[in-house]
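In terms of my numbering, the sequence shown is numbered consecutively and its last residue is 269.
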Amino acid sequence: MNSMAYRLPIGGTVMGKALFILIVFHVVLTTLSLMGIIDIPWYIVAAPLMIPFAMIMAFLLFILFVYLIQLL
Numbered sequence: 198m199n200s201m202a203y204r205l206p207i208g209g210t211v212m213g214k215a216l217f218i219l220i221v222f223h224v225v226l227t228t229l230s231l232m233g234i235i236d237i238p239w240y241i242v243a244a245p246l247m248i249p250f251a252m253i254m255a256f257l258l259f260i261l262f263v264y265l266i267q268l269l
């Protein structure tokens, strides 16, 4: 069997796939919320996109922390 058949047609890394799934989840929640099908607060709709941005910010803060430690 062809092993390519089991791969997702999105980014090759695990992080890329996770980010794709979070974005799709966000778009689906936003669409359903705007159409009035579901009634959920905006902060729950926005949560899937806040996660990767928080991870990026944590990584940048870690780099800054390491840089500042080296200055000591």
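The beta carbon of each residue, even a glycine, is placed where N, CA and C say it ideally should be.
If you're wondering where the values come from, they're calculated on a predicted model, not measured in any experiment.
Determine the DSSP secondary structure at residue i, reduced to helix, strand or coil.
| i | result |
| --- | --- |
| Met198 | The predicted position of Met198 is uncertain, since its pLDDT is 49 and thus under 50; no value can be drawn from it. |
| Leu226 | helix |
| Leu269 | coil |
Can you list, in chain order, the residues of its chain with a C-beta nearer than 8 Å to that of residue i? Leave out the 5 residues immediately preceding and following it.
| i | result |
| --- | --- |
| Asp236 | Ser230 |
| Ile234 | none |
What does the alpha-carbon distance come out to for the pair residue i and residue j?
| i | j | result |
| --- | --- | --- |
| Val211 | Pro249 | 13 Å |
| Ile266 | Trp239 | 39 Å |
Enumerate in chain order the residues of its own chain whose CB-to-CB distance from residue i is below 7 Å, with the five nearest sequence positions on each side excluded.
| i | result |
| --- | --- |
| Thr227 | Val242 |
I'd like the list of long-range same chain contacts for residue i, defined as Cβ closer than 6 Å, with 5 residues on each side in sequence excluded.
| i | result |
| --- | --- |
| His223 | Pro245 and Leu246 |
Is there contact between the stretch 259-269 and the stretch 213-228, where contact requires at least three CB pairs shorter than 8 Å? no
Curious, which full-length alpha helix (DSSP H) runs of at least 4 residues does the stretch 209-264 contain? 211-231
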